[in-house]
Structures are given as C-alpha cells and as structure tokens.
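Asker:
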Amino acid sequence: GESVGLHLPTLSVQEGDNSIINCAYSNSASDYFIWYKQESGKGPQFIIDIRSNMDKRQGQRVTVLLNKTVKHLSLQIAATQPGDSAVYFCAEKNYGGSQGNLIFGKGTKLSVKP
Amino acid sequence: NAGVTQTPKFRILKIGQSMTLQCTQDMNHNYMYWYRQDPGMGLKLIYYSVGAGITDKGEVPNGYNVSRSTTEDFPLRLELAAPSQTSVYFCASSRRTGAGNTIYFGEGSWLTVV
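Residue numbers (my numbering), protein chains in the order written: chain X, 256 to 369; chain S, 61 to 174.
In structure tokens form, the structure reads like this:
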C-alpha cells in the first residue's frame with residue numbers, strides 16, 4: 256500500500272551545520288509533497304512544498320529536493336539554529352485520490368547542539 | 061491573527077463518556093480537517109469537509125462524528141470514548157485543496173481516555 260516513511264527517526268546536528276532530513280514515499284501517483292515542522296506541544300507548521308513537476312525548491316534557509324526516480328524527498332536546512340529543533344514531517348498527496356487525504360510520515364526529530 | 065482555534069487544550073474522559081472538540085477558523089477557508097496524532101506517529105485524517113453542509117470520512121473515522129453547519133466551525137464528536145481514542149487531535153483548514161494551498165493547523169487538543 257501507499258506509505259510515507261523516514262530513513263532516520265532522530266537527527267542531532269551542531270549549531271551552524273547543515274541538516275538533511277530524508278523521506279521515502281511509495282505511491283508513485285503522489286504529485287504534491289509538503290514538509291511540516293512541529294515544535295513540542297504545538298501543531299504542525301508549514302515549511303515548504305514541492306510539486307511533482309519540480310525536482311528542487313528553495314525557501315529561506317530551506318531547500319526541498321524531490322527524486323521521483325527513487326521516490327525520495329529531502330529537506331535541507333542551512334546553518335541550523337537551536338530554534339530549528341523540532342519534529343519534521345513529510346507529507347504526500349495524490350490529487351487524483353481523496354480530496355482530504357494528506358498522508359504523513361512518522362517524523363524525524365531534529366536536535367540542535369549549541 | 062487567530063487562525064485555527066481548538067478547545068479544549070486538555071481533557072480527561074472516562075470510558076463510555078462523550079465529548080465534543082470545538083474548532084473554528086477565521087480565514088474563510090472552505091476546507092477543514094480533523095487529524096489525530098498518536099505518540100511517535102504521523103497524523104491520520106479522521107474527517108474532512110469541503111464546505112458548509114458537506115463532510116466526508118478520512119482514514120480513521122470510526123468512533124467519531126462531525127458536522128459543518130457554518131464555514132467557520134467544524135466540531136468533532138466522540139461518542140462512547142474508548143482508550144484507543146487517547147491521542148492528540150488537530151484541526152486544520154485550507155482555502156482549497158490542491159498543490160500550493162497551505163493547510164493551517166490548530167495548536168492541538170490532548171485527550172486521555174481512562
């Protein structure tokens with residue numbers, strides 16, 4: 256069945272280093288992907304998204320890469336800061352499927368060491 | 061900006077009790093959603109609505125009911141609470157569905173059934 260998963264459940268990085276969070280998806284029909292950040296005790300917060308007709312998209316300090324050949328998504332955070340510590344979720348959507356269903360991965364916890 | 065507001069923040073229920081989680085958004089969004097998040101897991105869609113008067117089941121609807129009498133409000137009803145419904149519940153909204161339409165989440169409601 257379709258699934259979204261993450262290679263690493265936890266990631267610890269030094270402040271100032273770059274972080275890379277990975278995500279694998281299995282539904283080749285998925286055509287829209289989103290990264291969310293969830294801080295402790297709060298709801299998910301949109302970070303960046305990418306459509307399947309793109310392979311890279313950049314935001315402020317974040318870059319999302321999409322490799323449709325191997326069904327892999329990654330989130331790169333440049334110059335990681337303590338405020339980046341959170342759980343990061345990737346989510347996928349197939350706009351040919353159920354309108355409401357955004358499928359979330361389990362999340363990767365990012366810890367930033369000062 | 062209030063965004064998506066959920067109440068209550070925390071609640072303890074006894075097995076068999078019923079309760080309603082309230083959700084309201086002030087962004088005039090057509091789409092609203094209820095997700096649940098179990099510990100260490102991603103979010104799973106319970107119910108969603110594409111507009112006032114229209115609701116549809118998500119991935120895990122059993123044990124829940126929703127209504128959408130207005131654009132702003134989307135309450136989630138738990139009938140005969142069970143321990144398996146112990147979870148964090150997130151309400152969300154978006155203007156439309158489709159790539160590029162950001163889904164905004166509330167702060168979450170922590171529910172424990174004992």
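Beta carbons are placed, not taken as given, at the ideal position from N, Cα and C, and that holds for glycine.
(1) Between X:N360 and X:L266, what straight-line distance do the alpha-carbon atoms span, to the nearest angstrom?
(2) Keeping to the same chain, check which residues put their C-beta closer than 6 Å to that of X:Q331; ignore five residues upstream and five downstream.
(3) Is the region 92-101 of chain S touching the region 132-151 of chain S, taking contact as three or more C-beta pairs under 8 Å?
(4) Residues in its own chain within less than 6 Å of S:W227 by CB, not counting five upstream and five downstream?
(5) Under a CB-based cut-off of 7 Å, is X:F301 close to chain S?
(6) If you measure from the beta carbon of S:T162 to each beta carbon in chain X, is any gap under 7 Å?
(7) Determine the contact status of X:F381 and S:G166, defining contact as a CB-CB distance below 7 Å.
(8) State the start and end residues of the unbroken beta strand (DSSP E) segment that holds X:N277.
(9) Identify each residue in the region 309-335 of chain X for which the Cβ-Cβ distance to at least one residue of chain S is less than 8 Å, and report them in chain order.
Answerer: On the basis of the data shown:
(1) Sequence inspection shows Gly at residue 360 of chain X; the Asn mentioned does not correspond to that position. Going by the C-alpha atoms only, they are around 16 Å apart.
(2) I275 and T318
(3) yes
(4) Residue 227 of chain S lies beyond the stretch modelled for chain S, which goes from 61 to 174, so this question has no answer here.
(5) yes
(6) yes
(7) Limits of chain X in this structure are 256 at one end and 369 at the other, which puts residue 381 of chain X out of reach.
(8) S274 to Y280
(9) none
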